[in-house]
Structure formats: C-alpha cells, structure tokens
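To start, the structure itself, in structure tokens.
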Amino acid sequence: SQQGEEDPQALSIQEGENATMNCSYKTSINNLQWYRQNSGRGLVHLILIRSNEREKHSGRLRVTLDTSKKSSSLLITASRAADTASYFCATVQTGANNLFFGTGTRLTVIP
Amino acid sequence: DAGITQSPRYKITETGRQVTLMCHQTWSHSYMFWYRQDLGHGLRLIYYSAAADITDKGEVPDGYVVSRSKTENFPLTLESATRSQTSVYFCASSEVGTVGEQYFGPGTRLTVT
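Note that the protein sequences, when read in sequence, are chains L and F.
Yeah, the first sequence ends on 232 if you go by our numbering, and it's all consecutive.
Yeah, the second sequence ends on 346 if you go by our numbering, and it's all consecutive.
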C-alpha cells in the first residue's frame, strides 16, 4: 500500500503552543496534501505541496517536504482550541489518479 | 445551496440488502470520488469519476457499483450489503483531480446489521 503514515497518532498541547505532525510515505509522489477533519465532519483541504517544492506557508500553517526521506511535516503555530481535529496527509503517486490517505494525527488543543 | 451534499446522513440496513448512497455537487466539478473511512485505515478510495460516463476503480472497489450520468451526481450502490461495509462514506469533488484540492461532503454513516 502507498498509504502514508502520520506520527504521532495523537498529540495534546496547550493553547498557544506549536504543533508538529509528520507524514512518511513509500513511493515517489506528484504532490502531498494535508487535510483537517473535525469530529463528525468531512475533510477540509489545508495545503498542497508539489514534489519540486520544499516548503509552503498558509497563515499559521507551515508544510515541509523532503522527497529524499519521503517525509513531510505540518507545523501549526500558536495553536488555538479551534485547531482541535484530526489531521491527514494524502499523497498522489507519480502517474496515478488516486489520493492515498494516512491514518491521521488526532490533535487536542487545551484552552 | 452551493456545495457538496450527501444523503442519507445515517443509514442502517440488513445484510444482503441493496443500498444507494447519493452525492450531489453544485460546482460542476469534473472529478468526483467515493471514499470509505474506517478506524485504523484512514480514508480509502472506492471509485472515482473524471467526467460524466467515465468511472474507474480505486483501492477497494469490490462490492460497490457507481454510475455518473450527470456531472453533478455520483451515486454509490452496495449491491448486497455485508457487515464489512459498515463504515463512514465520504464523497468528494475536484475541478482538477488529484493535482488540486478535493472538497468533501459531510459523510454518510452506514451500519449493516
């Protein structure tokens, strides 16, 4: 399976702290995407990083991609209680039409 | 309302019954997808469609049938439901397929007894 794996599976931090989640994958990719899922809801797209990019920013989000290590990280700075959710990475294998999702990191931000 | 909707939101059915989950999007996106979400597996792609009348299998297509006669609708049918198909099903759409973001519906929680 090309499924990505997130690390850690669960993360609990205080409001205002930074949260870092990691994603590892197995095959060469076209792009890697991060999604957020609030409890009982559908997924919401956060950011997409292409294989030729190393870092992207969007508001309080920073994503890095290291294709040599087949890994990516998502950093959320100055976390808020509203950031409490599950975060998933999804990879698009080179030449494929599928998104392969990891099993997610459950982030809890304590007010 | 604009967006992507799924119906029903909750469904309980018996083993062996046929069940159809509906998905409707108002953006005229070319691509539509069906995923299932199970604990320990994340989301897995069942089927996808690149345009009306064009569908293709994903990672876990067995036991499912799809059709896409209109761009805005992408129904998923379980021909003979099994307990292993108990899951949360998400529909998604995209203007550009996997090279861009996908927009997800709210999900359908299906229980097969």
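No residue lacks a Cβ here, since even glycine has one placed at the ideal position from N, Cα and C.
Here's the rule: buried if 16 or more other CB atoms are within 10 angstroms of the residue's CB, otherwise exposed. What is residue i?
{"i": "residue 129/L", "result": "exposed"}
{"i": "residue 157/L", "result": "buried"}
{"i": "residue 326/F", "result": "buried"}
{"i": "residue 247/F", "result": "exposed"}
{"i": "residue 273/F", "result": "exposed"}
{"i": "residue 249/F", "result": "exposed"}
{"i": "residue 127/L", "result": "buried"}
Is the beta carbon of residue i less than 8 Å from the beta carbon of residue j?
{"i": "residue 343/F", "j": "residue 320/F", "result": "yes"}
{"i": "residue 164/L", "j": "residue 337/F", "result": "yes"}
{"i": "residue 237/F", "j": "residue 324/F", "result": "yes"}
{"i": "residue 328/F", "j": "residue 282/F", "result": "no"}
{"i": "residue 179/L", "j": "residue 134/L", "result": "no"}
{"i": "residue 207/L", "j": "residue 153/L", "result": "no"}
{"i": "residue 205/L", "j": "residue 169/L", "result": "no"}
{"i": "residue 332/F", "j": "residue 151/L", "result": "yes"}
Quick one: Cα of residue i to Cα of residue j, how far?
{"i": "residue 345/F", "j": "residue 311/F", "result": "11 Å"}
{"i": "residue 83/L", "j": "residue 284/F", "result": "Because chain L is modelled from 122 through 232, residue 83/L falls outside the range shown and cannot be assessed."}
{"i": "residue 203/L", "j": "residue 137/L", "result": "12 Å"}
{"i": "residue 147/L", "j": "residue 171/L", "result": "16 Å"}
{"i": "residue 307/F", "j": "residue 295/F", "result": "17 Å"}
{"i": "residue 161/L", "j": "residue 286/F", "result": "31 Å"}
{"i": "residue 353/F", "j": "residue 210/L", "result": "Any question about residue 353/F goes unanswered here, given that chain F covers just 234 to 346."}
{"i": "residue 254/F", "j": "residue 276/F", "result": "17 Å"}
{"i": "residue 259/F", "j": "residue 214/L", "result": "28 Å"}
Taking contact to mean 3 or more Cβ pairs, one atom from each stretch, closer than 8 Å, check whether the stretch 296-304 of chain F and the stretch 257-267 of chain F are in contact.
Because the criterion of three Cβ pairs below 8 Å is met, the stretch 296-304 of chain F and the stretch 257-267 of chain F touch.
On the three-pair Cβ rule with 8 Å, is the stretch 239-254 of chain F touching the stretch 212-219 of chain L?
No, the stretch 239-254 of chain F does not touch the stretch 212-219 of chain L.
Contained beta strand (DSSP E) runs [length at least 3] in the stretch 129-172 of chain L, N- to C-terminal order:
Qualifying beta strand (DSSP E) stretches, in chain order: 131-135, 140-145, 150-158, 164-171.
So within the stretch 254-311 of chain F, which uninterrupted beta strand (DSSP E) runs reach at least 3 residues, ignoring any that extend past its ends?
Those beta strand (DSSP E) runs which fall completely within the stretch 254-311 of chain F and span 3+ residues are 264-271, 275-284, 287-290, 297-299, 309-311.
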